[in-house]
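Read the structure below first, then the notes.
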Amino acid sequence: MGTGGIAASFARDLQLVDDAEVVAVGSRSDESASGFAGRLGVPRAYGSYEKLVDDPDVDVVYVATPQTAHAANVRLALEAGKPVLCEKPFTVTGAEARDLVALARERGLFLMEAMWTRFLPHFRRIDQLLRSGVLGEITTVVADHGQAIPADAAHRLQRLDLGGGALLDLGIYPVSLTSYVLGRPDGVSAAGTLTPAGVDAQTSAVFTYASGAHAVVTTTLRARTANRAVITGTQARLEIDDVWYAPTSFSLLRPTSSQPERFEQPRVGGGLRHQAVEVGRLLREGATESDVMPLDETVAIMETLDEIRRQIGLHFPTE
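According to our numbering, the residues represented by the sequence shown are 41 to 359, in order.
What follows is the structure in structure tokens.
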């Protein structure tokens with residue numbers, strides 16, 4: 041559902057998954073859907089989302105529309121009885137996220153946020169290290185995501201009506217990382233710079249936790265930043281290389297060793313296939329959500345983003 045760049049990337053990566061295929065694409069116009077289908081070899085193209093979700097051969101819907109449309113599009117698919125994988129950010133507000141999760145659970149349907157980073161090989165290895173306790177008690181998480189986005193009023197990230205700005209599109213990555221490592225913050229302190237159009241050009245936030253841990257997240261549309269992440273514990277730390285949220289390498293550094301332990305894996309495709317493999321596995325098992333990207337955590341992340349937006353004065357017309 042949707043014909044933008046991320047939808048094309050996902051469709052290409054699905055070609056690397058043995059038991060999955062793109063059987064149809066839906067857009068708001070026949071022209072857009074047909075063009076996408078022709079470029080990527082998709083058998084059927086629909087000029088409406090309603091026709092897509094009514095297709096009996098569609099087993100699961102991937103929602104890749106602008107974030108301001110996610111709530112309506114996911115609802116449409118769920119009400120048609122289709123499992124859904126929805127691009128991040130899952131919605132624009134926490135309230136929308138809560139409503140969709142409630143609907144999916146009421147209907148007994150699979151629903152997951154497409155936070156693809158969680159399913160990448162390097163991240164799964166990081167998960168193993170975190171669970172092993174090798175880092176000791178986590179004290180700090182620092183992560184950033186910045187890209188030099190053109191200051192073009194027509195660019196989707198510069199448009200308030202499309203849920204633009206750094207926070208929801210780029211900042212979702214470091215916020216999700218802190219959630220994964222430390223959980224929901226007990227305190228949030230944020231600062232942001234808004235553009236004349238009203239979207240955030242740059243946002244930073246400090247999260248505090250009852251354990252005494254801190255997290256620092258930064259995001260910007262104004263420059264291509266280091267795009268690195270560091271998870272520090274009392275016994276060791278992990279340094280995740282550029283670009284930390286995509287397929288990459290990382291190091292484990294211990295105070296007792298002069299040499300870091302390096303973890304590297306070859307990249308296959310764009311990295312989006314791993315979440316598709318997980319969705320396929322869960323659907324075959326009859327699961328309705330992922331324990332790697334749980335729905336309650338997705339809601340908590342959106343509520344944290346709500347609080348950051350409140351503090352920096354970022355409000356969308358759809359609210």
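Each residue gets a CB set at the ideal place from its N, CA and C atoms; glycine is no exception. All values reported here derive from a predicted model rather than from experimental measurement.
Assuming residue i and residue j form a contact by the criterion Cβ under 8 Å, report the distance between their Cβ atoms to the nearest whole angstrom.
{"i": "Asp299", "j": "Leu175", "result": "For the record, residue 299 in the displayed sequence is Gln; it is not Asp. The pair is not a contact, with the Cβ atoms about 17 Å apart (cut-off 8 Å)."}
{"i": "Ala245", "j": "Val270", "result": "Actually they are not in contact, since the Cβ atoms of Ala245 and Val270 sit about 16 Å apart, beyond 8 Å."}
{"i": "Gly42", "j": "Leu234", "result": "No, Gly42 and Leu234 are not in contact; Cβ-Cβ is about 27 Å, not under 8 Å."}
{"i": "Gly203", "j": "Gln107", "result": "4 Å"}
{"i": "Gly49", "j": "Gly66", "result": "In the sequence as presented, Gly is not what sits at residue 49; that position holds Ser. That belief does not hold up - the Cβ atoms of Ser49 and Gly66 are roughly 17 Å apart, past 8 Å."}
Over what stretch of residues does the alpha helix (DSSP H) that includes residue i continue unbroken?
{"i": "Ala188", "result": "First-last for Ala188: undefined, no H or E at that position."}
{"i": "Ala135", "result": "Gly134 to Arg147"}
{"i": "His314", "result": "Arg313 to Glu325"}
{"i": "Thr328", "result": "It is not in any alpha helix (DSSP H) - Thr328 carries neither H nor E in the DSSP assignment."}
{"i": "His355", "result": "Segment: none, His355 is in no alpha helix (DSSP H) and carries neither H nor E."}
{"i": "Glu90", "result": "Tyr89 to Val93"}
{"i": "Glu119", "result": "Gln107 to Glu119"}
Closer than 7 Å by C-beta to residue i: which residues in its own chain qualify, once you throw out the five before and the five after it? Chain order, please.
{"i": "Val98", "result": "Val63, Ala64, Leu92 and Lys122"}
{"i": "Leu56", "result": "Val308, Gly309 and Arg313"}
{"i": "Ala253", "result": "Ile178, Thr179, Thr180 and Leu222"}
{"i": "Arg165", "result": "Phe303"}
For residue i, count neighbouring C-beta atoms within 10 Å of its own C-beta (all shown protein chains included) and say buried if the count is 16 or more, exposed if not.
{"i": "Val319", "result": "buried"}
{"i": "Asp59", "result": "exposed"}
{"i": "Asp336", "result": "exposed"}
{"i": "Gln168", "result": "exposed"}
{"i": "Gly45", "result": "exposed"}
{"i": "Ser219", "result": "buried"}
Return the first residue and the last residue of the beta strand (DSSP E) that residue i is part of.
{"i": "Gln242", "result": "Asp240 to Thr248"}
{"i": "Tyr285", "result": "Tyr285 -> no beta strand (DSSP E), and no H or E assigned at all."}
{"i": "Arg199", "result": "Taken as a continuous stretch (DSSP letters only), Arg199 belongs to no beta strand (DSSP E), as it is neither H nor E."}
{"i": "Met342", "result": "Premise fails: Met342 lies in the alpha helix (DSSP H), Leu335 to Ile352, not in any beta strand (DSSP E)."}
{"i": "Phe303", "result": "Glu301 to Phe303"}
Closer than 8 Å by C-beta to residue i: which residues in its own chain qualify, once you throw out the five before and the five after it? Chain order, please.
{"i": "His314", "result": "Trp156, Phe159, Leu160 and Pro161"}
{"i": "Asn267", "result": "Asp184, His185, Gly186, Asp282, Val283, Trp284 and Tyr285"}
{"i": "Asp95", "result": "Val63, Ala64, Arg84 and Tyr86"}
{"i": "Phe163", "result": "Thr157"}
Residues in its own chain within less than 6 Å of residue i by CB, not counting five upstream and five downstream?
{"i": "Ala51", "result": "Val62 and Leu80"}
{"i": "Thr258", "result": "Asp184 and Ser244"}
Quiz item: Are there three or more Cβ pairs, one per stretch, closer than 8 Å when the region 282 to 295 is compared with the region 253 to 263?
Solution: no
Quiz item: Using 8 Å as the Cβ pair cut-off and three pairs as the minimum, do the region 102 to 114 and the region 129 to 144 touch?
Solution: yes
Exercise. Could you tell me whether the region 134 to 152 touches the region 236 to 251, using the rule of 3 or more Cβ pairs below 8 Å?
Key: no
Quiz item: Would you call the region 326 to 337 and the region 196 to 212 touching, i.e. three or more CB-CB distances under 8 Å?
Solution: no
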